[in-house]
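For what it's worth, the numbering used here labels the leading residue of the sequence shown as -11, then goes sequentially.
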Amino acid sequence: MMNISFLNQSMIKKIFAFFALVLIGFYFYFGFQGFNLMKIWNSFYQSDFYINYEGGFVRRGLEGQIIYELSKIISVNAVWIQKTYNLLFFLIFAALVCYFMLRYRPPFFVIFSTSVLLLFVFYLGRGIRKDHILLVFFFLSCFEIVKRKNKTVAFITVNLLFIIASLTHELYFIVSFFPIVLLLKNFIFEKNQLSEYFKSVLFLLPSILIFLIIFFFGLGNSDQQIAILASWKQIGVENILFNSGIFDRSLYIWELGFTQNQYISFLIAIMLHFVFMIIMISNDLKNRKLKINFYILMGLQYSVLLLLSIVAKDFSRWIFLCNFTTLIPIYILKKKSTYQSSESESSFLFFKKMYWIPYILFFINTMPHSGWSFNDYVVYNPVNLVYKIITEKPIF
């Protein structure tokens, strides 16, 4: 009976994984007008890449300064350099995802679900932002920690990656800190003591200091914005429109005009993504200690998610990044000998009984946004989204 149940679950996973891939294929094909190369190329433009240091130190300015200086030195259009840079990192990100899938074997259905990559693909329609670049640095940091036994080399390399990524976007530090500390504790400081977590935090002290400098001295102001726009105008780049909240104050969630029902619906949306991840991953892991690490990391990352949601309204991005940065270290740890399968099926059995819930949530979990309502669970479900792209009219 158990074997039949396992076979049924395995078959359901394969069917839904295939279905998710089909959805992604349809979304890309029709979303980019049949892979229209010009539309794809234009989608790599993103105003965040044009923040530079010409008005003084400001968050997210590192890449913009590099693009600005490079454009002046080689006399090549800065927009072309920026799009090429963004495209290159997108291809590297895709390659690293494939490597991670082949090397660490996470559940295919989870990776291509509406809580991870399918959610990422859906919000690509609003522009290819820096998230894939941050995840490239995250992958590189994780792989560096795994392979390094020399603490000094690891200290220099990991902090260098952390600092560069944080100067690219401060979000990197926020979503990466807890997962990287978990890996440091397990690969660099391997003793099974709570003090090793403290050592792992101290290991990242240079990165912490840089983040604090960004947070307190790099938030930007209108004078810097004017200076930055003027610097680009000097080399022929005009009509740059920066996103709100970069050089002015972000709107807090209570300033978005949510109704009580919208607050409740939004929290339910977050909770359903959490439930999807907890059930799917818990049932896939076979080591009790690793499961507990996963639950703790999920709790910490979703605390980060909620804090981010209070200060910025890119809710879909927070869900994707927090889920993916949880999955990556957990499946890297799964390969470690101390976390190999060693338990009977008796631990956390209640999740086994709920294995069917994530397959329903696949059609419910969608992209939360600043005008969220209960109706969006229907309007923004993946099937309706893709159908609308194909036929230009929704099912619902």
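All C-beta atoms in this analysis are idealised placements derived from N, C-alpha and C, irrespective of residue type, glycine included. What you are looking at is a predicted structure, and each value in this text was computed from that prediction instead of being measured.
Can residue i and residue j be called in contact, C-beta distance under 8 angstroms?
i, j, result
"residue 195", "residue 313", "no"
"residue 63", "residue 228", "no"
"residue 199", "residue 230", "no"
"residue 104", "residue 308", "yes"
"residue 37", "residue 74", "yes"
"residue 210", "residue 186", "no"
"residue 44", "residue 212", "yes"
Express the C-alpha separation of residue j and residue i in angstroms, rounding to a whole number.
i, j, result
"residue 277", "residue 327", "7 angstroms"
"residue 69", "residue 30", "12 angstroms"
"residue 381", "residue 375", "7 angstroms"
"residue 118", "residue 226", "21 angstroms"
"residue 270", "residue 59", "49 angstroms"
"residue 91", "residue 124", "16 angstroms"
"residue 127", "residue 216", "31 angstroms"
"residue 122", "residue 190", "22 angstroms"
"residue 268", "residue 255", "20 angstroms"
"residue 220", "residue 202", "23 angstroms"
"residue 432", "residue 80", "Absent from the model: residue 432. The displayed extent of the chain is -11 to 384, so no value can be given."
"residue 152", "residue 338", "43 angstroms"
"residue 129", "residue 150", "8 angstroms"
"residue 249", "residue 242", "13 angstroms"
"residue 263", "residue 257", "10 angstroms"
"residue 166", "residue 304", "20 angstroms"
"residue 340", "residue 98", "16 angstroms"
"residue 266", "residue 350", "14 angstroms"
"residue 132", "residue 145", "8 angstroms"
"residue 11", "residue 275", "33 angstroms"
"residue 233", "residue 239", "7 angstroms"
"residue 292", "residue 204", "19 angstroms"
"residue 156", "residue 49", "7 angstroms"
"residue 143", "residue 178", "15 angstroms"
"residue 107", "residue 259", "15 angstroms"
"residue 378", "residue 197", "49 angstroms"
"residue 207", "residue 41", "12 angstroms"
"residue 61", "residue 159", "30 angstroms"
"residue 322", "residue 342", "22 angstroms"
"residue 84", "residue 282", "22 angstroms"
"residue 306", "residue 294", "8 angstroms"
"residue 237", "residue 154", "20 angstroms"
Between residue i and residue j, which are expected to be in contact by the criterion C-beta below 8 angstroms, what is the C-beta distance as a whole number of angstroms?
i, j, result
"residue 66", "residue 223", "6 angstroms"
"residue 54", "residue 46", "Contact flag wrong, Cβ pair sits at about 14 angstroms."
"residue 347", "residue 4", "6 angstroms"
"residue 279", "residue 273", "5 angstroms"
"residue 174", "residue 324", "7 angstroms"
"residue 94", "residue 1", "So it is not a contact: roughly 12 angstroms between Cβ atoms."
"residue 386", "residue 372", "Given a span of -11 to 384 for the chain in the structure shown, any question on residue 386 remains unanswerable."
"residue 120", "residue 88", "Not confirmed; about 13 angstroms, so no contact."
"residue 7", "residue 71", "Going by Cβ atoms, the distance from residue 7 to residue 71 rounds to 32 angstroms, so no, they are not a contact pair."
According to DSSP, which residues form a beta bridge with residue i?
i, result
"residue 233", "Looking at the DSSP assignment, residue 233 forms no beta bridge with any residue, so it has no partner."
"residue 44", "42"
Please classify residue i as buried or exposed, where buried requires at least 16 neighbouring CB atoms within 10 angstroms.
i, result
"residue 26", "exposed"
"residue 181", "exposed"
"residue -11", "With a pLDDT of only 43 at residue -11, under the threshold of 50, the placement of this residue in the model should not be trusted; the figure read from the coordinates follows. Result: exposed."
"residue 299", "exposed"
"residue 13", "exposed"
"residue 141", "exposed"
"residue 101", "buried"
"residue 245", "exposed"
"residue 344", "exposed"
"residue 316", "buried"
"residue 172", "buried"
"residue 51", "buried"
"residue 301", "buried"
"residue 297", "buried"
"residue 86", "exposed"
"residue 138", "exposed"
"residue 286", "buried"
"residue 176", "buried"
"residue 183", "exposed"
"residue 252", "exposed"
If we define contact as Cβ-Cβ less than 8 angstroms, is residue i a contact residue for chain B?
i, result
"residue 326", "The chain inventory of the structure shown lacks chain B, comprising one protein chain alone."
Heavy atom of the ligand COA less than 7 angstroms from the Cβ of residue i, yes or no?
i, result
"residue 380", "In the structure on display, the ligand COA does not appear, and there are no ligands present to speak of."
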